[in-house]
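In our numbering, the protein residues as written are -18 to 231. Every residue, glycine too, gets a C-beta built ideally from N, C-alpha and C. Nothing here was measured: the structure is a model prediction, and the numbers come from that model.
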């Protein structure tokens, strides 16, 4: 991420990396379809000092134009590579089948929009992230009261959090009920969708949406994957040239 290349108003990028190393800790970022966040890992005995550095690294991050230009180049190359990736194209096709032409794979900044971004504006957004409502998940040996006292120490977070505007989530398009056998009553998005890709291998994905979590399908998916990944099944598929990989997810 870009933030891993940045320093603060107190530390240069190299000094900040050295500081994390001295604490036997590390900091990372992540982003998903509808959320983003920070990750702090390290030794429990250095928790207090690491958390203080964690807050400092976010609150006082310093933009760098040169690293941002490099990041834009990395994004451009990544997008070009994804357009040649069978798995990436299959994922985009699946999103299209589930959500339609406007989905999480197309809801991204254009190349022109990325070029127009100001690195200082992005750094300002990073510095303000902790001012918004968020969840804190801790996994370790410390007592909850100790963790809470350090996370919500005076000055670490504002007394009143800001709220994000409610996201407009993409909605899954309706699928036909299981007992539907009438082609005329089947929604237009039910069928076989073909993606032309000049590769030696073919991939097939069967997709069906579900709105409520259920235990049985989850257990079935786990057992199915376990059986299909046994040595016997792998050798059978490859010996008969049936498939290199088979799996399911719920």
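CB-CB under 6 Å to residue 19, same chain, minus the five flanking residues each way: which ones, in chain order? Counting from one through the chain shown, the residue named residue 19 turns up at place 38. Correct list, in chain order: 10.
So, with DSSP's three-state summary, where would you put residue 21? In the chain shown, the residue the question calls residue 21 occupies position 40. Residue 21: strand per DSSP, three-state reduction.
Grab the span of the beta strand (DSSP E) containing residue 8 for me, first residue to last. Against the chain shown, residue 8 aligns to sequence position 27. Here the beta strand (DSSP E) through residue 8 covers 6 to 12.
Report yes or no: do three or more beta-carbon pairs, one from the stretch 47 to 58 and one from the stretch 91 to 106, lie closer than 8 Å? yes
With distances taken between CB atoms, is the gap from residue 79 to residue 153 smaller than 8 Å? Residue numbering aside, residue 79 sits at position 98 when the chain shown is read from its first letter. Residue numbering aside, residue 153 sits at position 172 when the chain shown is read from its first letter. Taking 8 Å as the Cβ cut-off, residue 79 and residue 153 qualify as a contacting pair.
Please report the distance separating the alpha-carbon of residue 201 from that of residue 209. Walking along the chain shown from the start, residue 201 turns up at place 220. Walking along the chain shown from the start, residue 209 turns up at place 228. Going by the C-alpha atoms only, they are around 12 Å apart.
Helix, strand or coil: which one does DSSP assign to residue 75? Your numbering for residue 75 matches position 94 in the chain shown. The answer is helix: DSSP assigns residue 75 an H, G or I state.
Tell me the DSSP bridge mates of residue 113? Start at 1 with the first residue of the chain shown, and residue 113 comes out as number 132. Partner(s): 143.
Local Cβ density within 10 Å of residue 145, reported as buried at 16 or more and exposed below that: In the chain shown, counting from the first residue as 1, residue 145 sits at position 164. So residue 145 ends up on the exposed side.
Taking a contact to mean a Cβ-Cβ separation below 8 Å, would you say residue 44 touches residue 100 in this structure? Working through the chain shown from its first residue, we reach residue 44 at position 63. Working through the chain shown from its first residue, we reach residue 100 at position 119. Taking 8 Å as the Cβ cut-off, residue 44 and residue 100 qualify as a contacting pair.
Alpha carbon to alpha carbon, how far is residue -6 from residue -13? For the purposes of this step, residue -6 is taken as the residue at position 13 of the chain shown. For the purposes of this step, residue -13 is taken as the residue at position 6 of the chain shown. One C-alpha to the other measures close to 5 Å.
On the DSSP bridge assignment, give the partners of residue 58 in chain order. In the chain shown, residue 58 corresponds to position 77, counting from 1. Answer by DSSP bridge pairing: none, since residue 58 is not bridged.
The stretch 110 to 123 / the stretch 29 to 40 touching (three or more Cβ pairs under 8 Å): yes
So for residue 42, helix, strand or coil by DSSP? On the chain shown, residue 42 is found 61 positions in, with the first residue counted as 1. Note: residue 42 maps to strand in three-state DSSP.
Check whether the stretch 170 to 186 touches the stretch 64 to 72, taking contact to mean three or more Cβ pairs, one atom from each stretch, closer than 8 Å. yes
DSSP has residue -11 in a bridge; who is on the other side? Position 8 of the chain shown, counting from 1, holds the residue named residue -11. Note: residue -11 sits in a beta bridge opposite 42.
Evaluate residue 104 with the Cβ neighbour count: other Cβ atoms within 10 Å of its Cβ, from every protein chain shown; 16 or more gives buried, anything less gives exposed. Here residue 104 is taken as the residue at index 123 of the chain shown, counted from 1. By the 10 Å Cβ count, residue 104 comes out buried.
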